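Visitor: Got a structure for you, questions after.
Residue numbers (my numbering): 4 to 277.
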């Protein structure tokens, strides 16, 4: 289960900790991947505690790993222009370093195709590679193409498929110490994601049910791909499809396990009634 939610000024840190605890108690078989470094940085501010304290507290409540969002571009020339109020580069790297030190594996990302230049992207990849050399805690790198529609940068063009594939290939060459490179089809488009399997990617993610961030920014990709469709995409690209879990262990599942999804109770209901 992937959990992110932004910086909510009305909800105290204890609400988020309680959410993890309830989810872990009610669904102990589900791996909980939660909150970006930006949100962890906010929890640090809320609690007036250290990053290590926050991460250990969430880990003890049931958190299993962290997503890689909020990295954007590390170089200050771009970061100050793009997201000056987000957790800075030092904070992002330190949070992931600390997560690795206490046994939490994390993902890492790069947002490209906006105001940055090629050397900014290389600088970003080098910083990730250096941290991976230090800790070995990144399990996957996810290049994220910027979608400009409905943003303050709506006058620029979104990255081309050529740029997407070039970025994928350079990422694979630069991050030789990160085992997996993900082609996120929601962002790339189905066809480009499939082609990316020949440009260094080894992971097409995922089935998805309802995605908002990229679709609010103009993405025209489908909202959902079936397991069979993803298997076909991988096979057509000349690769062998292998289902995995959140921490990249192979999953063996009976076809009857793929049942039709129906909405369940909301998080608000779960927290309010437990």
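Even glycine gets a Cβ: it sits at the ideal position worked out from N, Cα and C. Keep in mind the model is a prediction, meaning the values are calculated, not measured.
Looking at the unbroken alpha helix (DSSP H) that takes in residue 147, where does it start and where does it end?
Guide: Translated into positions along the chain shown, residue 147 becomes position 144. No alpha helix (DSSP H) holds residue 147; the beta strand (DSSP E) holding it covers 141-148.
Visitor: Can you list the beta strand (DSSP E) stretches of 3 or more residues lying completely in the segment 97-144, in chain order?
Guide: Entirely contained in the segment 97-144, the beta strand (DSSP E) runs reaching 3 residues are, in chain order, 108-115.
Visitor: Between which residues of its own chain and residue 64 is the CB-CB distance below 7 Å, once the five residues before and five after are set aside?
Guide: For the purposes of this step, residue 64 is taken as the residue at position 61 of the chain shown. If we look at residue 64 and ignore the five residues flanking it on each side, its Cβ neighbours are 20, 23, 24, 27.
Visitor: Would you kindly work out how many angstroms separate the C-alpha atoms of residue 263 and residue 248, rounded to a whole number?
Guide: Stepping through the chain shown from its first residue, residue 263 is reached at position 260. Stepping through the chain shown from its first residue, residue 248 is reached at position 245. Any reading at residue 263 needs caution, since the residue's pLDDT is 49, under 50, leaving its predicted position unreliable; the model's value is listed next. Residue 263 and residue 248: Cα-Cα distance of roughly 19 Å.
Visitor: Return yes when at least one heavy atom of the ligand GDP lies under 7 Å from the C-beta of residue 227, else no.
Guide: As for the ligand GDP, it is missing from this structure, which has no ligand bound.
Visitor: Contact between the segment 110-120 and the segment 142-151: three or more CB pairs below 8 Å?
Guide: Yes, they touch.
Visitor: Tell me which residue opens and which closes the beta strand (DSSP E) that residue 207 is part of.
Guide: Residue mapping note: residue 207 aligns to position 204 of the chain shown, counting from 1. Where residue 207 is concerned, the enclosing beta strand (DSSP E) stretches over 206-208.
Visitor: Taking DSSP as the reference, what is the three-state secondary structure of residue 190?
Guide: Against the chain shown, residue 190 aligns to sequence position 187. Of the three classes helix, strand and coil, the one that applies to residue 190 here is helix, per DSSP.
Visitor: Once you ignore the five residues that flank residue 162 on each side, which residues in its own chain have a CB closer than 6 Å to its CB?
Guide: Position 159 of the chain shown, counting from 1, holds the residue named residue 162. Answer for residue 162: 116, 148, listed in chain order.
Visitor: Apart from the five residues on each side of it in sequence, which residues of its chain come closer than 7 Å, Cβ to Cβ, to residue 97?
Guide: Your numbering for residue 97 matches position 94 in the chain shown. So the qualifying residues of the chain are 54.
Visitor: What number of angstroms, rounded off, separates the C-alpha of residue 179 from the C-alpha of residue 46?
Guide: Within the chain shown, residue 179 is the residue found at index 176, counting from 1. Within the chain shown, residue 46 is the residue found at index 43, counting from 1. For residue 179 and residue 46, the distance between alpha carbons rounds to 32 Å.
Visitor: Using a threshold of 8 Å, state whether the C-beta atoms of residue 37 and residue 66 are closer than that.
Guide: As a working note, residue 37 is residue 34 in the chain shown. As a working note, residue 66 is residue 63 in the chain shown. Cβ atoms of residue 37 and residue 66: closer than 8 Å.
Visitor: Would you decide whether residue 236 is buried or exposed? Buried here means 16 or more other CB atoms lie within 10 Å of its CB.
Guide: To locate residue 236, count along the chain shown from 1; it is residue 233. Buried.
Visitor: Starting from the C-beta of residue 126, find all residues in its chain whose C-beta is less than 6 Å away, skip the five residues before and the five after it, and write them out in chain order.
Guide: Reading the chain shown from its first residue, position 123 is the one you call residue 126. The answer, listed in chain order, is 78.
Visitor: How big is the Cα-Cα spacing for residue 130 and residue 81?
Guide: Position 127 of the chain shown, counted from the start, is the residue given in the question as residue 130. Position 78 of the chain shown, counted from the start, is the residue given in the question as residue 81. Approximately 15 Å between the Cα atoms of the pair.
Visitor: So the candidates are 99, 49, 94, 39; which of them puts its Cα closest to the Cα of residue 13?
Guide: What you label residue 13 is simply residue 10 of the chain shown in a count that begins at 1. Ranking 99, 49, 94, 39 by Cα distance to residue 13 puts 49 first.
Visitor: Strictly under 8 Å for the Cβ-Cβ distance: is residue 191 near chain D by that measure?
Guide: Chain labels in this structure do not include chain D; a single protein chain is all it has.
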